[in-house]
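At position 132 of the sequence shown (counting the first as 1) the number is 132 in UniProt numbering, and the numbers step up by one without a gap. For glycine and all other residues, C-beta sits at the position ideal for the given N, C-alpha and C. A quick write-up on the structure given underneath.
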Amino acid sequence: MTKMQINGSETGTVRLFHLDLPPEAIERYTTQAGTGEYPLQYGLGAERLRPAFVDVVAIRDLGDMSLSAYLAEAYQLAGADFREMRPRIDALKGHVVVLPNQAFDHVTQDLTVASPLRWVGTFREEAARGRGPTPRSKAARSRPAGDTAGTAPAAGRMPRLAMIGLGVLAALVLGWLALGLT
Numbered sequence: 001m002t003k004m005q006i007n008g009s010e011t012g013t014v015r016l017f018h019l020d021l022p023p024e025a026i027e028r029y030t031t032q033a034g035t036g037e038y039p040l041q042y043g044l045g046a047e048r049l050r051p052a053f054v055d056v057v058a059i060r061d062l063g064d065m066s067l068s069a070y071l072a073e074a075y076q077l078a079g080a081d082f083r084e085m086r087p088r089i090d091a092l093k094g095h096v097v098v099l100p101n102q103a104f105d106h107v108t109q110d111l112t113v114a115s116p117l118r119w120v121g122t123f124r125e126e127a128a129r130g131r132g133p134t135p136r137s138k139a140a141r142s143r144p145a146g147d148t149a150g151t152a153p154a155a156g157r158m159p160r161l162a163m164i165g166l167g168v169l170a171a172l173v174l175g176w177l178a179l180g181l182t
């Protein structure tokens, strides 16, 4: 058995498990029954598991695509830990279960992973990078402390300015209607 803790506030985390079952037993194990029984949730020892985020992959269905290539493309996995594990991931046969952090419904919980599941690895999604070069214009540079030129009005003034703007708009509409009706 493998024990691990799921942090309910984590984002961008994907866990990979190998599922050691014959093909005819996969659907029964990975599908929540109408009675509420959910063998996959029991095998993970999970308190909460959202079926909509569970990805069960039959490796043979990937065709010429390797499992690591599928994971890199579908879940934007990258990083040194993922690159080091690629040969081991690509050597897997049968079925795997891919669980992004959303599958645990943002609930902190302790897992006790039992057979027929075997934990393969936990990986991070590649963080989005900004596009293009850093702006060099004077306006893009930070301003000295206390310089408020060109900044938005203070939060306390916003409701008052909004009300004045709505009043002016209402007066214009009423004036237009009055001219149109006479």
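Looking at Val97 and Leu117, is the spacing between their C-beta atoms short of 8 angstroms?
Start at 1 with the first residue of the sequence shown, and residue 117 comes out as number 117. Start at 1 with the first residue of the sequence shown, and residue 97 comes out as number 97. A contact, by the Cβ cut-off of 8 angstroms.
Express the C-alpha separation of Leu172 and Asp105 in angstroms, rounding to a whole number.
The residue labelled residue 105 in the question sits at position 105 within the sequence shown. The residue labelled residue 172 in the question sits at position 172 within the sequence shown. Taking the straight line joining both Cα atoms gives about 50 angstroms.
Should the stretch 26-34 be called in touch with the stretch 61-78, which here means at least 3 C-beta pairs below 8 angstroms?
no
Kindly identify the DSSP beta-bridge partner or partners of Trp176.
The count along the sequence shown starts at 1 and reaches residue 176 at position 176. BP columns for Trp176 are empty, so no partner.
Determine the extent of the alpha helix (DSSP H) in which Leu67 is found, giving its start and end residues.
Numbered from its first residue, the sequence shown carries residue 67 at position 67. Looking at the DSSP string, the run of the alpha helix (DSSP H) that includes Leu67 is 67-75.
What three-state label does DSSP hand Gly165 in the structure shown?
Numbered from 1 along the sequence shown, position 165 holds the residue referred to as residue 165. Gly165 falls in the helix class under three-state DSSP.
Quick one: grab the DSSP three-state call for Arg48.
Stepping through the sequence shown from its first residue, residue 48 is reached at position 48. If DSSP states are grouped into helix, strand and coil, Arg48 belongs with coil.
Per DSSP, which residues does Arg15 bridge with? Please list them.
For the purposes of this step, residue 15 is identified with residue 15 of the sequence shown, where counting begins at 1. In DSSP, Arg15 forms a bridge with Leu99, Thr122.
Counting only the same chain and skipping the five closest in sequence on each side, list residues whose C-beta sits under 8 angstroms from that of Val120.
Taking the first residue of the sequence shown as 1, we reach residue 120 at position 120. These residues qualify, in order along the chain: Leu16, Phe17, His18, Met85, Arg88, Ile89, Leu92, Val96.
Rounding to the nearest angstrom, what Cα-Cα distance links Phe123 and Gly12 in this structure?
Your numbering for residue 123 matches position 123 in the sequence shown. Your numbering for residue 12 matches position 12 in the sequence shown. Their backbone Cα atoms lie some 8 angstroms apart in a straight line.
State the start and end residues of the unbroken alpha helix (DSSP H) segment that holds Thr35.
Here residue 35 corresponds to residue number 35 of the sequence shown, with the count starting at 1. Looking at the DSSP string, Thr35 is not in any alpha helix (DSSP H), and its letter there is neither H nor E.
Could you give the C-beta distance for Gly45 and Ala114, rounded to a whole number, given that I count them as a contact under 8 angstroms?
In the sequence shown, residue 45 corresponds to position 45, counting from 1. In the sequence shown, residue 114 corresponds to position 114, counting from 1. So it is a contact: roughly 7 angstroms between Cβ atoms.
Suppose contacts are defined by Cβ-Cβ distances below 8 angstroms. Is Val107 in contact with Arg160 by that definition?
Here the question's residue 107 lines up with position 107 in the sequence shown. Here the question's residue 160 lines up with position 160 in the sequence shown. No, Cβ-Cβ distance for Val107 and Arg160 is not below 8 angstroms.
Just how far apart, CA to CA, sit Glu10 and Asn101?
Position 10 of the sequence shown holds residue 10. Position 101 of the sequence shown holds residue 101. Straight-line measurement puts the Cα of Asn101 at about 7 angstroms from the Cα of Glu10.
Provide the residue span of the alpha helix (DSSP H) that contains residue 196, from first to last.
Residue 196 is absent from the model: the chain starts at 1 and stops at 182.
Can you list, in chain order, the residues of its chain with a C-beta nearer than 8 angstroms to that of Ala25? Leave out the 5 residues immediately preceding and following it.
For the purposes of this step, residue 25 is taken as the residue at position 25 of the sequence shown. Once the five neighbours on either side are set aside, Ala25 has no close Cβ partner at all.
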